[in-house]
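Structure first, commentary second.
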Amino acid sequence: MKPATCLLLFGLYLLGLSRAQHDDNEDMLPRIAVIGAGLGGTSAAFHLRQLFGPNLQIDIFEANKVGGRTALIDIGGKEYEAGGSIIHKKNKYMVDFASRFNKSANEPSSGDMFFGLCDESGIFFQTSRWEVISLAKLFWRYGLDLYSSQHWTRSLVGEKFERIYEFQEQGIAFTTLRDMLEAMSTDFLNMTRHSLQDVLSDAGLSQRFISELAMAAMRANYGQTTEAHGFVGAVSLVGAEPGLWSVRNGNKQIAEALLKESQANLIEAEVSSVALLNSSKENENVSYEVTYKHTNSDGNITASSKQYDLVIMAAPIFGSKTKVSFVNFPHDVTPFTQDYHTTVAMFVQGTINASSFQAKTRSELPPDLLTTSAGVFFNAVGQQSPVVPDTAAGNVLDTESAVWKTFFNKVPTEEQISQLFDSRKELKLVEWLAYPEYKPKMDLPPFVLYNGLYYINAIESAASAMEMSVIGARNVALLIANQWHGHVDKINEINLPDRHNKKYDL
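For the sequence shown, UniProt numbering assigns the number 1 to the initial residue and increments by one for each residue that follows.
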């Protein structure tokens, strides 16, 4: 065990001894602030309520809308997913939340294997509307690589990845992202140290597969390349599989339902600072002052503050336009880098420019066009379905009613937009600091920034996805419960007490 980890656990042990004596005293429950009401913040509040009961005080601060990066946009009178948009059938928590809150799924399109790959000269490969023909074309071009890659990724999201659900069901939590990945599989930690290019090459996949399909998946899902680290690359390949789904009426409903069930107090305000109040030693009881700006009843912006025992950062520290200052700490609580990548999502209702893709007619084009080269000014373009599907719409690919989402790494010029679309009825841009810039050997932040100060979004340095946010949130909730109740034996424990327990009740 590393010295820093030993010191942290000793501090948690001392705190646990004093706090465990008051387990039955409702007045001794911690006052908790959660900064951010996305999936991370709302699911953390949900799990804290499950762990501590009805008398726990939880305040959630949110300057914008509940749901965070699961947001909707209105195009042509219908709503579309503007942020986190896809859920994998193996996303245990998201699937369970949808079931718990009676949210129905938008089933995947029957044509989700119909796509094209583009470089600077246009489409150089495309599948078919017919699945059997698509499989034949993919086999002809990539041989057994398609099967091998699916077997490889499924083994990752199978037993290895699913170990985190077993750990969390046993109440085990981790203080650092490194410890979490290592407990799940030593392969996972190693994959963050090497590029996806090298990881896939070592797995025996061909350079054609890596530079075409793997590159297309990374550019579409993360706006980056196969030089990103291998773990996020594996997640990206899983996110390119057929059969992905979303929540009817919008994925943000999950965050809204979590907030409601958590019975947390929503404070619509922008947090400006978190100040340490009464400790200079990390193994002492601490308290915090959260200062925030909000609009008062007169319509004026005013500053207020509240005190808490624990603070959870549930938004990116370095990936937000609003910076939270950390005040009065004896040392820097964020001695790591976590630069966030800018993604621009452009929504257009109109007709796609077939000639730009060397196609004679629009009907020849597949509904999804993925790029494989940094020389192409966009990352991916795809036809979208609204969050409430219009079953009467039929195939609108060749009409002005079609809605397309295009990903860029920067705001496109008017000339670039015209290259992609012949005409348009409506255009809207959404700019996100969506996920970290991924590279091998990047910093893997801790979940504990200081005693009583937690960081859910540390998990995004492994991979950014809705399920990852919820996993990070439950980890932080368990950390808080284990610390508060003195269960130090359930912190950074890498051995599962019962590997055969497959019950994952929320």
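Virtual Cβ for every residue (Gly too), placed ideally from N, Cα, C.
As the structure is a computational prediction, the values presented were derived from the model and not from experiment.
- A Cβ-Cβ separation of about 4 Å places F336 in contact with D443 under the 8 Å criterion.
- Straight-line spacing of the CA atoms in I58 and A44 works out to 10 Å.
- At the C-beta level, T371 and A216 come within 8 Å of one another.
- Here DSSP, grouped into helix, strand and coil, assigns E400 to coil.
- With fewer than 16 other beta carbons inside 10 angstroms of its own, Q263 counts as exposed.
- In this structure, V470 is the residue among T192, V238, V470 and S236 with its C-alpha nearest to the C-alpha of A315.
- Distance from the CA atom of H485 to the CA atom of F52, rounded to whole angstroms, is 10 Å.
- Sixteen is the threshold: since fewer than 16 other Cβ atoms of the shown chains lie within 10 Å of the Cβ of M28, the residue is exposed.
- Membership of R178 in the alpha helix (DSSP H) is indicated by the continuous run L177 to M184.
- For Q126, the CB contacts under 6 Å within the same chain, skipping 5 residues up- and downstream, are G116 and P366 in chain order.
- Exclusion of the five residues before and after L177 leaves L444, P445, P446, F447, A458, I459, S461 and A462 as the residues of its chain whose Cβ lies within less than 8 Å of its Cβ.
- Here D145 is buried, its C-beta having at least 16 other C-beta atoms within 10 Å.
- Of the residues K260, A303, N91 and E162, the one whose Cα lies closest to the Cα of S273 is A303.
- Within its own chain, the residues whose Cβ lies closer than 8 Å to the Cβ of G171, once the five positions on either side in sequence are excluded, are L478, A481, N482, H487 and K490, listed in chain order.
- Taking a 10 Å sphere around the C-beta of N265, we find fewer than 16 other C-beta atoms and assign the residue as exposed.
- With a threshold of 16 other beta carbon atoms within 10 Å, N296 falls short and is exposed.
- Closest by C-alpha distance to G143, out of S206, D390 and Y450, is S206.
- If you draw a straight line from the Cα of S355 to the Cα of K160, it is about 45 Å long.
- Rounded to whole angstroms, the gap between the alpha carbons of V247 and S104 is 6 Å.
- By the Cβ criterion, the region 399-416 is in contact with the region 74-88, since at least three pairs of Cβ atoms, one from each stretch, lie closer than 8 Å.
- Classified as exposed, D74 has fewer than 16 neighbouring CB atoms from the shown chains inside 10 Å of its CB.
- By alpha-carbon distance to Q349, the top candidate from M94, A37, T399 and D96 is T399.
- Inside the region 46-128, DSSP marks whole beta strand (DSSP E) runs of 3 or more residues at positions 57-61, 72-75, 78-81, 115-119 and 122-126, from first to last along the chain.
- The DSSP-derived three-state label of F139 is helix.
- Between the alpha carbons of I254 and N106 lies a gap of roughly 14 Å.
- Taken through DSSP and simplified to helix, strand or coil, W130 comes out as coil.
- Non-local C-beta neighbours of G76 in its own chain, meaning closer than 8 Å and more than five positions away in sequence, comprise Q349, S401, V403, K425 and E426, ordered along the chain.
- Counted as a single uninterrupted DSSP element, the beta strand (DSSP E) harbouring I301 occupies residues I301 to Y308.
- Collapsing the DSSP output to three states places D187 in a helix.
- Here the alpha carbons of Y147 and T70 stand approximately 32 Å from one another.
- H88 counts as buried, since no fewer than 16 other beta carbons sit within 10 angstroms of its beta carbon.
- According to the DSSP assignment, I32 belongs to no alpha helix (DSSP H) but to the beta strand (DSSP E) extending over R31 to I35.
- Annotation for A173: N475, L478, L479, N482, K490 and I491 place their beta carbon closer than 7 Å to its own, counting only its chain and skipping 5 residues before and after.
- The alpha carbon of K252 has as its nearest neighbour, out of L200, N353, A240 and V387, the alpha carbon of V387.
- Counting C-beta atoms within 10 angstroms of its own C-beta, L200 has 16 or more neighbours from the protein chains shown and is therefore classed as buried.
- In summary, A380 is buried, with 16 or more beta-carbon neighbours lying within 10 Å of its beta-carbon over all protein chains present.
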